[in-house]
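To start, the structure itself, in C-alpha cells.
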RNA sequence: CGGGGUUUGGCGCAGUUUGGUAGCGCACUUGGUUUGGGACCAAGGGGCCGCAGGUUCGAAUCCUGUAACCCCGACCA
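Numbering (this note's numbering), first residue to last: 39 to 516.
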C-alpha cells in the first residue's frame, strides 16, 4: 500500500540498519532523549512508565521472598571502594570522582557509586552481630554511574536506573540458594511479563562479576541475533565478608563470616523489550507492562454522538485496563500509525457503524487482525485479546531465537556460522580461558553462558580439541 | 581509547566546491472543510547555522582548535 511506504519513511527498516532502527524507535516513540551531559539520557514519560510497570512487578515479587527495600548513599569513599581487590580492579576504570565540596577540596575523594557492594558490606559489618541477625535481604532501587567509553540509549548509558539486591546469609548453601532463586525470579519475570525467552546459565571465570565466586545470568536474543545479558545474580561466597570483616557469632559462640549475594536488573531491559519485539512499524509492548494497553480511536468523531460513546467506553474500560482515548483532531489513519509505532497492544476503533451495531473493532498490534466484538462483553474480549497478544509475542520471540540458534562441532563450522548469521551457537568447551580468548579474537563472539540445561554436541572442545567440560552458548553481544 | 561519519528552527534535510547576511518538507499556531490506514485550503510564529578563536569591508560557507552525537573495534549492566 502506498500509504504504508510513507509510514516507514520515518523509521529506518530493521533489515536496512538495525542500529538506526533502534535509535529511530526511541526517538519517535519518545522513550528517552539526550541531555547536556555526555552519555546521560532523559527518560521521558512513556519510557519511564514502562520502567515503573517493570518495577511494580519485580518489587512485589522481591517482597514476596522477604526482601526489604533500603536506600544507600550515592557516594563511596575511595578507601572503602578499595577494600576488595578484584572489585576495585573491575570498577575503578569507570568510576566518576567527586573531589570538591563547595570550594573546599575533600580530604578523601568520593566515588559516585557504580554499584553498591561496598556500601552494603560496610553497613552489614556494622549491624550484623549474631546468627539471629541473619539473613539480611536488602534491595535498593536507584541509579548508578559508570563512565563508559561509548554509550547507547538504554543499553549502555553513563548513568542508569536499576535495582540491586544485596543479601547476607549464615551459610554458603543459603547464599547459593538465594543466588539461584533470584535468577529464577528474573527469568520468570522476563518470560511471563516481558514475553522475552531467556537462557539461564553460569558465566565463565572470564565473564563473571568482579569479586564474585560465581555469576549466573539470563541471556536473551535480540531480533538481529545479538545477545543481551538481561539480568545477573552473583554469589560472593565469603570474599567480601573477609575483606570487610562481616562476622557473626553462631550458635556455638564461634565467629563466622557471612556469605553474600547480589543481583540486579537495569533499564537495559527496556532496550531488550524494544529489540526483541519491535518491527518496522515501531514498538511492540507486551500487554502486561504496556503503559497503554488499549487505545480508543473515535471514527468520524463529530458525528452521531461518537465522541460521547467513546468517552463512555473509556470510563468503563479504565476500571480494569490501562486505556487511552485519543480524541485529538488528527485523522484516524494518523492515529492508527502513531499508536502502532508506540507499541500499544490493542486498538479499539469505534465509529457510527459500530454504535449502530452495539459493537467495536479490536485490532491486534502483532498481526493487525481485526475482530468485531459486542459492547456487552467487551471486558472479556479485551482481556482475552491481551492475553493472546502476550502469548503471541513470547512465541514469536522464541521462534526468532530458536531459528537463530545453531550448534557447531568443528571450529571451521563455528567460525562460518558466526560470520554468516549472527545468533547463538552451541558448542563444547574445554574450560580453558585461552580458548575463550581465541574465539573472541577470531570471531568477536563471546561466551554468553554455560547453560544449566546442558546438551552434548560433541566430546571435544570446539576450539582446541581437548576433552570438553561444558556446552556453552556463544554469540555476539550488546 | 583507536578508525570513519555527522552537526543549519522541534524533526529530517538543501545551501558550503565558486564568501554577499538563510531556504525546503514535516511538525507547531489560528480559522474553515474533513475523518474506517499518517486529509485539504488559507493565514501565521519560530534559526547567535554545535561551540571558541582567526582571515575578510563582509563567514553557514575559508583556516585553527574544541565538543557532542552516530557507526565499526577494545571495556562493561
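The beta carbon of each residue, even a glycine, is placed where N, CA and C say it ideally should be.
Worksheet item: By a C-beta neighbour count over all protein chains shown, 10 Å radius and 16 as the cutoff for buried, is residue 160 buried or exposed?
Response: buried
Worksheet item: For residue 104 versus residue 157, is the C-beta spacing smaller than 7 Å?
Response: no
Discussion item. Could you tell me which whole beta strand (DSSP E) segments of length 3 or greater appear in the segment 419-462?
Written reply: 443-445
Worksheet item: Which same chain residues, not among the five before or five after residue 76, have their C-beta less than 8 Å away from its C-beta?
Response: 189 and 196
Practice prompt. Please list, in chain order, all residues of the same chain as residue 410 whose beta carbon is under 7 Å from its beta carbon, the five residues on each side excluded.
Written response: 397 and 399
Worksheet item: Between residue 442 and the rest of its own chain, which residues show a CB-CB distance below 8 Å, the 5 nearest in sequence each way excluded?
Response: 259, 263, 459, 460, 461 and 462
Worksheet entry | Residues that residue 402 bridges to, as DSSP identifies them | 384
Item to complete: Return the CA-CA distance between residue 439 and residue 268, expressed in angstroms with no decimal places.
Response: 15 Å
Worksheet item: What residue from 171, 388 and 349 has the CA that sits closest to residue 289's CA?
Response: 171
Practice prompt. Count the C-beta pairs between the segment 332-351 and the segment 303-317 that are closer than 8 Å, then say yes if the count reaches three, no if not.
Written response: no
Fill in: Whole-angstrom distance between residue 366 and residue 494, CA atom to CA atom
59 Å
Worksheet entry | Sequence-distant residues of its chain with Cβ nearer than 7 Å to residue 378 (five each side left out) | 319, 320 and 403
Fill in: Given residue 165 as reference, the closest of 203, 242, 286 and 245 once Cα atoms are compared
286
Worksheet item: With a cut-off of 8 Å, do at least 3 Cβ pairs link the segment 324-336 to the segment 97-111?
Response: no
Item to complete: Report the rounded CA-to-CA distance for residue 49 versus residue 59, giving the unit in angstroms.
Response: 6 Å
Worksheet item: In chain order, which continuous runs of the beta strand (DSSP E) of length 3 or greater are located wholly inside the segment 60-131?
Response: 70-72, 79-81 and 113-115
Worksheet item: residue 512 lies in the beta strand (DSSP E); which residues open and close that run?
Response: 508-513
Worksheet item: So, residue 384 versus residue 423, is the Cβ gap smaller than 7 Å?
Response: yes
Fill in: Own chain, CB closer than 6 Å to residue 244, minus 5 neighbours either side, in chain order
471 and 474
Item to complete: Starting from residue 285, follow its DSSP beta bridges and name the residues at the other end.
Response: 295
Worksheet item: By DSSP, does residue 372 sit in helix, in strand, or in coil?
Response: helix
Practice prompt. Look at the alpha carbon of residue 43 and the alpha carbon of residue 215, and state the distance between them as a whole number of angstroms.
Written response: Caution is warranted here: a pLDDT of 34 is assigned to residue 43, below 50, making its placement in the model unreliable, and no coordinate value can be reported.
Discussion item. Mapping the DSSP letters down to three states, classify residue 341 as helix, strand or coil.
Written reply: coil
Worksheet item: Out of curiosity, what's the CA-to-CA distance linking residue 40 and residue 389?
Response: Low confidence applies to residue 40: its pLDDT is 28, below 50, so where it sits in the model is not reliable enough to give any reading.
Fill in: Opening and closing residue of the beta strand (DSSP E) in which residue 13 lies
Because residue 13 is not part of the residues shown, which for the chain are 39 to 516, the question remains open.
Worksheet entry | the segment 145-153 touching the segment 270-284, judged by at least three CB pairs closer than 8 Å | no
Worksheet entry | Three CB pairs or more closer than 8 Å across the segment 191-210 and the segment 295-306 | yes
Fill in: Nearest candidate by alpha-carbon position, reference residue 359, set 54, 425 and 298
425
Item to complete: Could you give the DSSP three-state label for residue 161: helix, strand or coil?
Response: helix
Worksheet item: Taking the DSSP output, what are the residues bridged to residue 236?
Response: Its beta-bridge partners do not exist; DSSP assigns none.
Discussion item. So, for residue 326: in the same chain, excluding its five sequence neighbours on each side, which residues have a beta-carbon less than 7 Å away from its beta-carbon?
Written reply: 231 and 428
Worksheet entry | Cβ neighbours of residue 435 in the same chain (closer than 7 Å, five flanking residues each side left out) | 233, 234, 235, 314 and 315
Discussion item. Assuming contact is defined by CB atoms lying nearer than 7 Å, are residue 456 and residue 483 in contact in what I supplied?
Written reply: yes
Discussion item. Helix, strand or coil, according to DSSP, for residue 203 in the structure here?
Written reply: strand
Fill in: Own chain residues within Cβ distance below 7 Å of residue 127, not counting five before or after
248
Worksheet item: From 479, 476 and 508, pick the residue whose C-alpha is nearest to that of residue 468; which is it?
Response: 508
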